[in-house]
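K.L.:
Heads up: the sequence shown begins at 1 in full-length UniProt numbering, then just goes up one per residue. Each residue gets a CB set at the ideal place from its N, CA and C atoms; glycine is no exception. There's a structure below that I have some questions on.
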Amino acid sequence: MPSSSKKNRGKNAVHSNNNNNHSVNHRGGPVKSKKQEESDEFEKVLADLSRATEVAGTKRAKMLERDAKMRVERVERYKNVIAGRAKEAEMEFDMMLRRKQQKQQFQDLLQQLLAAQRVLLDAPNTDFQGETVTENPHFDVAVGEMQGWRVNMEDEHLVDVKFPNDEPDSKEGLFCVFDGHSGKGCAKKCRELISKTARKYWTRVTGESASSTVDFEKVYLEVDGILEKELTDGSGCTAVTVHVTSDVITCASVGDSRAVLCRNGAAFYLSYDHKPENALERERIESAGGSVSENRVNGQLAMSRAMGDFIYKNQKDRDPREQHVIAVPDVISTPREAGDTFVVLACDGIFDVLGNDELVACVLSKKQQGKSNLVICEDICRECLAPPAEGGGRSSRAEGTDNMTIMIVDLK
Numbered sequence: 001m002p003s004s005s006k007k008n009r010g011k012n013a014v015h016s017n018n019n020n021n022h023s024v025n026h027r028g029g030p031v032k033s034k035k036q037e038e039s040d041e042f043e044k045v046l047a048d049l050s051r052a053t054e055v056a057g058t059k060r061a062k063m064l065e066r067d068a069k070m071r072v073e074r075v076e077r078y079k080n081v082i083a084g085r086a087k088e089a090e091m092e093f094d095m096m097l098r099r100k101q102q103k104q105q106f107q108d109l110l111q112q113l114l115a116a117q118r119v120l121l122d123a124p125n126t127d128f129q130g131e132t133v134t135e136n137p138h139f140d141v142a143v144g145e146m147q148g149w150r151v152n153m154e155d156e157h158l159v160d161v162k163f164p165n166d167e168p169d170s171k172e173g174l175f176c177v178f179d180g181h182s183g184k185g186c187a188k189k190c191r192e193l194i195s196k197t198a199r200k201y202w203t204r205v206t207g208e209s210a211s212s213t214v215d216f217e218k219v220y221l222e223v224d225g226i227l228e229k230e231l232t233d234g235s236g237c238t239a240v241t242v243h244v245t246s247d248v249i250t251c252a253s254v255g256d257s258r259a260v261l262c263r264n265g266a267a268f269y270l271s272y273d274h275k276p277e278n279a280l281e282r283e284r285i286e287s288a289g290g291s292v293s294e295n296r297v298n299g300q301l302a303m304s305r306a307m308g309d310f311i312y313k314n315q316k317d318r319d320p321r322e323q324h325v326i327a328v329p330d331v332i333s334t335p336r337e338a339g340d341t342f343v344v345l346a347c348d349g350i351f352d353v354l355g356n357d358e359l360v361a362c363v364l365s366k367k368q369q370g371k372s373n374l375v376i377c378e379d380i381c382r383e384c385l386a387p388p389a390e391g392g393g394r395s396s397r398a399e400g401t402d403n404m405t406i407m408i409v410d411l412k
């Protein structure tokens, strides 16, 4: 018994010792030690990290590939845009050239049509018509006219040295030039009406000054209203009017006839042309529903303000001041100075050839030669007349083919 018990204790002791070295799990397999588990866990983390890195690398590679593809596409798209813009710019340039060519062709055709409508003579009419007005001691006036190359003479003028009360030694005078177009009716009626209507709107200026004034806007609009009722030929005209008093010089104008004062030997501008291409005039015309084409109102009339020309004033729902062409004058006044010696009024038949400064210098030069105002008027008309072309039958240039009227008013 004792011996057997000892054996059992030995077996138990051996079995207990084996349990310390080889643990068995509940499934019968070996149980990993803590160190082995940590090692396995670390291996698993490394494996997961490797897989994550591989996935991230794959994603990054795909993203880089996509970005590169997008860059290529973007570059190609920009190339197409740039090419398209270049093509568009080239097309715009071509269109600009075509428009310019068409514009030039239109201008050439228009000039041919206008030349056909207002046929020039085979040779100019160089007969000079002149007059002098010297009965008023305060003014010495000369006027000269020449028909020139035009088939008809459509200019008119007015000299009133008894303005406003028919006094022979009046210190006031009214001087006008009217350049007609599409007939002489408008210019002729203006000559008949302007002085009479100006007297109606003449007023004495109160105060120390012995001067007076005329409301020329009312004068021009009233005359134009009469013309609308009485004109039958569809004509129109410019109107430049100079009112001289003892201390003030005033100019009212519509159209492109001009007046210029000689002050201290130089030109002092009393008027400016009313041309459709002028920015303010263009804006006014377009706001009235008209248009400016080839520097003409509605592609036809070469001036933006005129007497008559009622085809451009036919908007019955608008004021006379809001028509395509208006008879509202620009008015410029200047106090008289000791150096004011003479005023020149003329139509564009003169001013197309000579500028304001050139004309004043020309008159001064001829005066210094001892020539009379009437002789000077004739000289200037002949000098402005376009000479015939070689072989005859036509003028040698466009300038100098119009009717010509020039008036010189010496101030005393």
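Can you give me the C-alpha to C-alpha distance between residue 396 and residue 239, rounded to a whole angstrom?
P.N.:
Here residue 396 is taken as the residue at index 396 of the sequence shown, counted from 1. Here residue 239 is taken as the residue at index 239 of the sequence shown, counted from 1. Taking the straight line from one Cα to the other gives about 29 Å.
K.L.:
Using a Cβ cut-off of 8 Å (strictly closer), state whether residue 200 contacts chain B.
P.N.:
Chain labels in this structure do not include chain B; a single protein chain is all it has.
K.L.:
Could you round the C-beta distance between residue 247 and residue 211 to whole angstroms and report it? I think they count as a contact, below 8 Å.
P.N.:
Within the sequence shown, numbered from 1, the residue matching residue 247 stands at position 247. Within the sequence shown, numbered from 1, the residue matching residue 211 stands at position 211. About 5 Å; that satisfies the 8 Å criterion.
K.L.:
With DSSP run on the structure shown, which of helix, strand or coil describes residue 152?
P.N.:
The sequence position of residue 152 within the sequence shown is 152, counting from 1. Coil, per DSSP.
K.L.:
If you check the beta carbons only, do residue 164 and residue 202 fall under 8 Å apart?
P.N.:
The count along the sequence shown starts at 1 and reaches residue 164 at position 164. The count along the sequence shown starts at 1 and reaches residue 202 at position 202. Going by C-beta atoms, residue 164 is nearer than 8 Å to residue 202.
K.L.:
Where are the alpha helix (DSSP H) runs, 4 residues long or more, that stay fully inside the segment 251-292, in chain order?
P.N.:
Segments of the alpha helix (DSSP H) lying fully in the segment 251-292: 279-287.
K.L.:
Take the Cβ of residue 299 as the centre, count every other Cβ of all protein chains shown within 10 Å, and call the residue buried at 16 or more, exposed below.
P.N.:
Here the question's residue 299 lines up with position 299 in the sequence shown. So residue 299 ends up on the exposed side.
K.L.:
For the segment 155-164 against the segment 178-190, do three or more pairs of beta-carbon atoms, one drawn from each stretch, fall closer than 8 Å, so that the two count as touching?
P.N.:
The segment 155-164 vs the segment 178-190: in contact.
K.L.:
Keeping to the same chain, check which residues put their C-beta closer than 8 Å to that of residue 26; ignore five residues upstream and five downstream.
P.N.:
If you number the sequence shown from 1, residue 26 lands on position 26. Only weak support exists for where residue 26 lies, its pLDDT of 48 falling under 50; the value from the coordinates is given anyway. Answer for residue 26: no residue qualifies.
K.L.:
Below 8 Å on the Cβ atoms is my contact criterion, and I expect residue 180 with residue 237 to pass it. Report the Cβ-Cβ distance as a whole number of Å.
P.N.:
Looking up residue 180 in the sequence shown gives position 180. Looking up residue 237 in the sequence shown gives position 237. Sure, about 4 Å apart at Cβ, within 8 Å.
K.L.:
Alpha carbon to alpha carbon, what distance is there between residue 227 and residue 268?
P.N.:
By 1-based counting over the sequence shown, the position of residue 268 is 268. By 1-based counting over the sequence shown, the position of residue 227 is 227. Each residue's Cα considered, the two are about 32 Å apart.
K.L.:
Assign residue 302 to one of three DSSP states: helix, strand, or coil.
P.N.:
Here residue 302 refers to the residue found at position 302 of the sequence shown. In this structure, residue 302 counts as coil in the three-state DSSP scheme.
K.L.:
Just list the residues that DSSP pairs residue 204 with in beta bridges.
P.N.:
The count along the sequence shown starts at 1 and reaches residue 204 at position 204. Its beta-bridge partners are 212.
K.L.:
What number of angstroms, rounded off, separates the C-alpha of residue 245 from the C-alpha of residue 173?
P.N.:
As a working mapping, residue 245 is identified with position 245 in the sequence shown. As a working mapping, residue 173 is identified with position 173 in the sequence shown. Whole-angstrom Cα-Cα distance: 7 Å.
K.L.:
So which of 100, 278, 343 and 221 has the shortest CA-CA distance to residue 310?
P.N.:
Residue numbering aside, residue 310 sits at position 310 when the sequence shown is read from its first letter. Checking every option, the nearest Cα to that of residue 310 belongs to 221.
K.L.:
Using alpha carbons as the reference points, say which of 134, 140 and 129 lies closest to residue 148.
P.N.:
Against the sequence shown, residue 148 aligns to sequence position 148. Comparing Cα-Cα distances from residue 148 to each of 134, 140 and 129, the minimum goes to 129.
K.L.:
Excluding the 5 residues flanking residue 420 on each side, which residues of the same chain have their C-beta closer than 8 Å to its C-beta?
P.N.:
Residue 420 falls outside the range modelled here, since the chain spans only 1 to 412, and no answer is possible.
K.L.:
Let me confirm a value: residue 48 is counted as buried when at least 16 other C-beta atoms fall within 10 Å, else exposed. Which label applies?
P.N.:
Within the sequence shown, residue 48 is the residue found at index 48, counting from 1. Looking at its Cβ environment, which holds fewer than 16 other Cβ atoms inside 10 Å, residue 48 is exposed.
K.L.:
Of all the options 358, 176 and 350, which has the alpha carbon lying nearest to the alpha carbon of residue 402?
P.N.:
Within the sequence shown, numbered from 1, the residue matching residue 402 stands at position 402. Checked all of 358, 176 and 350; the closest Cα to residue 402 is 350.
K.L.:
Once the 5 residues before and after residue 410 are set aside, which same chain residues still bring their CB inside 6 Å of it?
P.N.:
Sequence index remark: in the sequence shown, residue 410 carries index 410 (1-based). Only 140 and 342 meet the Cβ criterion.
K.L.:
Leaving aside the five residues before and after residue 387 along the sequence, list all residues of the same chain whose C-beta is less than 7 Å from its C-beta, in chain order.
P.N.:
The residue you call residue 387 lines up with position 387 of the sequence shown. Around residue 387: 396.
K.L.:
What does the alpha-carbon distance come out to for the pair residue 437 and residue 97?
P.N.:
Residue 437 is absent from the structure shown; the chain starts at 1 and stops at 412.
K.L.:
Which residue comes first and which comes last in the beta strand (DSSP E) that contains residue 368?
P.N.:
As a working mapping, residue 368 is identified with position 368 in the sequence shown. Here residue 368 belongs to no beta strand (DSSP E); instead the alpha helix (DSSP H) covers 356-368.
K.L.:
When DSSP labels each residue in this structure, what does residue 231 get in the three-state scheme?
P.N.:
By one-based count along the sequence shown, residue 231 stands at place 231. Note: residue 231 maps to coil in three-state DSSP.
K.L.:
Kindly indicate which residue of 215, 196 and 197 has the alpha-carbon position closest to the one of residue 205.
P.N.:
Translated into positions along the sequence shown, residue 205 becomes position 205. Among 215, 196 and 197, the Cα nearest to that of residue 205 is on 215.
K.L.:
Which residue marks the beginning of the beta strand (DSSP E) containing residue 173, and which one marks its end?
P.N.:
In the sequence shown, residue 173 corresponds to position 173, counting from 1. Its beta strand (DSSP E) spans residues 173-181.
K.L.:
Would you tell me roughly how many angstroms separate the C-alpha atoms of residue 399 and residue 133, rounded to the nearest one?
P.N.:
Stepping through the sequence shown from its first residue, residue 399 is reached at position 399. Stepping through the sequence shown from its first residue, residue 133 is reached at position 133. Approximately 30 Å, taken between the alpha carbons.
K.L.:
Would you call residue 23 buried or exposed, if buried means 16 or more other Cβ atoms sit within 10 Å of its Cβ?
P.N.:
Reading the sequence shown from its first residue, position 23 is the one you call residue 23. Low confidence applies to residue 23: its pLDDT is 47, below 50, so where it sits in the model is not reliable enough to give any reading.
K.L.:
Just to check my reading of the structure: residue 253 and residue 320 have Cβ atoms closer than 8 Å, yes? What is that Cβ distance to the nearest angstrom?
P.N.:
Position 253 of the sequence shown, counted from the start, is the residue given in the question as residue 253. Position 320 of the sequence shown, counted from the start, is the residue given in the question as residue 320. Actually they do not touch by this definition, with Cβ atoms about 17 Å apart.
K.L.:
Which same chain residues, not among the five before or five after residue 250, have their C-beta less than 6 Å away from its C-beta?
P.N.:
In the sequence shown, residue 250 corresponds to position 250, counting from 1. Same-chain partners within the cutoff: 243 and 333.
K.L.:
Using 8 Å as the threshold, is the C-beta distance between residue 153 and residue 126 below it?
P.N.:
Indexing the sequence shown from 1 puts residue 153 at position 153. Indexing the sequence shown from 1 puts residue 126 at position 126. Going by C-beta atoms, residue 153 is not nearer than 8 Å to residue 126.
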